[in-house]
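A short write-up of the structure that comes next.
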């Protein structure tokens, strides 16, 4: 009995969930296929894959326009068409009764365009207002006005999907100016001026070598004056020549200042060498005498 009860519970659950899924599922393409006057709008939804995004939702409202009003999108870029189509999909259920019960100040509605993450500022929202007993929709972007009026309900599946006909497409004022605000000509003019300014810079470069040649002879005299202070320093080198052991040095001293500098260094190095040689000779002589 327990197994039979278990199978019966599972069967009832499957039937319940099956009926629930059938009751909540919808297809915007199928709904609009029944409306020939909206074939262009339906085609744009399919081409931009906005239809798939609509069908994946459980609660949605679609603001559709007839073929005559949808024709203005022909020839536009795929991104532009997708943005406009996404702006006509409200992420909540609104039928005519719910819209009429809105407060007099209207409401702020979130669209699929806002959910896409591509909207800038308030572009992804719609303002809905009540005026003269009617309902109007417009972009919430700054500078936009309610320009599309509610006409009638095309299809409705309460709390799941509502398809409403509106009088015209809703396009944010900033969307129409998205492409123009890219003016690269001013920056390009700047580089064009740079080459024209470059030629005047060349003449100063030609004048530069002239002063450089004039300055070249100037440093030569200080080079010639360099030996003079060198000669003045030589007397300081003469002082060590007064040492008694350097008896051979007087002759090179008279030869010139250049030999003066080398003479004292040679005397200092040779003096200890002579002492060492003499000591070696004395030691060898003493050893020889000892051996004898």
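Residue numbers (UniProt numbering): 1 to 292.
The beta-carbon is built from N, C-alpha and C at its ideal position, and this holds for glycine as well.
All of these numbers come straight from a predicted model, not from anything done at the bench.
DSSP three-state assignment for residue 26, whether helix, strand or coil: coil
Do the region 72-80 and the region 52-61 make contact, defined as three or more Cβ pairs closer than 8 Å? no
Taking 8 Å as the threshold (C-beta atoms), are residue 62 and residue 163 in contact? yes
Which class does residue 75 belong to by DSSP, given the choice of helix, strand or coil? coil
Measure the C-alpha to C-alpha separation of residue 141 and residue 124 and round it to an integer number of angstroms. 8 Å
Check residue 153 in the structure and name its three-state DSSP category. strand
Please report the Cβ distance between residue 109 and residue 92, rounded to the nearest whole angstrom; I am assuming they are in contact, meaning their Cβ atoms lie under 8 Å. 7 Å
Only counting the same chain, and skipping five residues up and downstream in sequence, which positions put a Cβ closer than 6 Å to that of residue 99? 135
Chain-order list of residues whose beta-carbon lies under 6 Å from that of residue 32 (same chain, five-residue window excluded): 38, 42
Would you kindly check if the distance between the Cβ of residue 153 and the Cβ of residue 334 is under 8 Å? Any answer about residue 334 is impossible in this case: the structure gives the chain only from 1 up to 292.
Distance between residue 284 and residue 291 (C-alpha atoms, nearest Å): 11 Å
Spatial distance of residue 87 from residue 130 (CA atoms): 20 Å
For residue 110, three-class secondary structure by DSSP: strand
Extent of the continuous alpha helix (DSSP H) to which residue 139 belongs: Counting along the chain, residue 139 falls outside any alpha helix (DSSP H), though it belongs to the beta strand (DSSP E) covering 134-139.
Alpha carbon to alpha carbon, what distance is there between residue 50 and residue 97? 26 Å
Under the rule that 16 or more other beta-carbon atoms within 10 Å means buried, what is residue 279, buried or exposed? exposed
Applying the criterion that 16 or more other CB atoms from any shown protein chain within 10 Å of the CB defines a buried residue, is residue 117 buried or exposed? exposed
For residue 179, three-class secondary structure by DSSP: In this predicted model, residue 179 has a pLDDT of only 40, less than 50, meaning its place in the structure is not dependable enough to derive any value.
Counting only the same chain and skipping the five closest in sequence on each side, list residues whose C-beta sits under 8 Å from that of residue 69. 167, 168, 169
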